[in-house]
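A short worksheet on the structure shown next.
Residue numbers (the working numbering): 16 to 152.
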């Protein structure tokens, strides 16, 4: 797939997700941003004004995977960022590409908090790796 085809796919994903009122911002990440890919990884952040339990989040992820996959004709993996693991959030921010943002204040706060928490936790991760696994990092 050439870069122009990837631009078109990103544009289609963006167009679909922007119509959904409870999605504040979205990233594309993973292998799609490199040469070869198997699927397209999308991470979304949901408006906190709505209530989300684990079942609702899973249902939303599966629903969006179906909608996006049907439209762009490639497998899509959608994950909600709000309560996802710290390392996942950090990697999406660091290596992903923002598709759109409806609220820059919320997005910048989310990114700043994630990066801060990640670096705060890095010390403990290094200590654990050294003591539990006898690895120097």
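The C-beta atom is built at its ideal place from N, Cα and C for all residues, glycine as well.
Predicted, not measured: the structure shown is a model, and the values here were computed from it.
Using DSSP's beta-bridge definition, name the partner residues of residue i.
{"i": "residue 94", "result": "58"}
{"i": "residue 40", "result": "60, 116"}
Is the distance from the Cβ of residue i to the Cβ of residue j below 8 Å?
{"i": "residue 87", "j": "residue 27", "result": "yes"}
{"i": "residue 96", "j": "residue 104", "result": "yes"}
{"i": "residue 42", "j": "residue 111", "result": "yes"}
{"i": "residue 60", "j": "residue 136", "result": "no"}
{"i": "residue 121", "j": "residue 44", "result": "no"}
Going by C-alpha to C-alpha distance, which of the options sits closest to residue i?
{"i": "residue 115", "options": "16, 35, 18", "result": "35"}
{"i": "residue 48", "options": "18, 29, 123, 32", "result": "18"}
{"i": "residue 64", "options": "39, 130, 22", "result": "39"}
{"i": "residue 92", "options": "74, 101, 102, 109", "result": "74"}
{"i": "residue 55", "options": "70, 83, 61, 128", "result": "83"}
{"i": "residue 129", "options": "99, 149, 117", "result": "99"}
{"i": "residue 131", "options": "109, 71, 146, 113", "result": "109"}
{"i": "residue 90", "options": "52, 69, 118", "result": "52"}
Determine the extent of the beta strand (DSSP E) in which residue i is found, giving its start and end residues.
{"i": "residue 112", "result": "112-116"}
Mind reading off the beta-carbon distance from residue i to residue j? Whole number of angstroms is fine, and I expect it under 8 Å.
{"i": "residue 133", "j": "residue 101", "result": "6 Å"}
{"i": "residue 94", "j": "residue 76", "result": "6 Å"}
Please list the terminal residues of the continuous alpha helix (DSSP H) segment that includes residue i.
{"i": "residue 21", "result": "18-33"}
{"i": "residue 85", "result": "69-87"}
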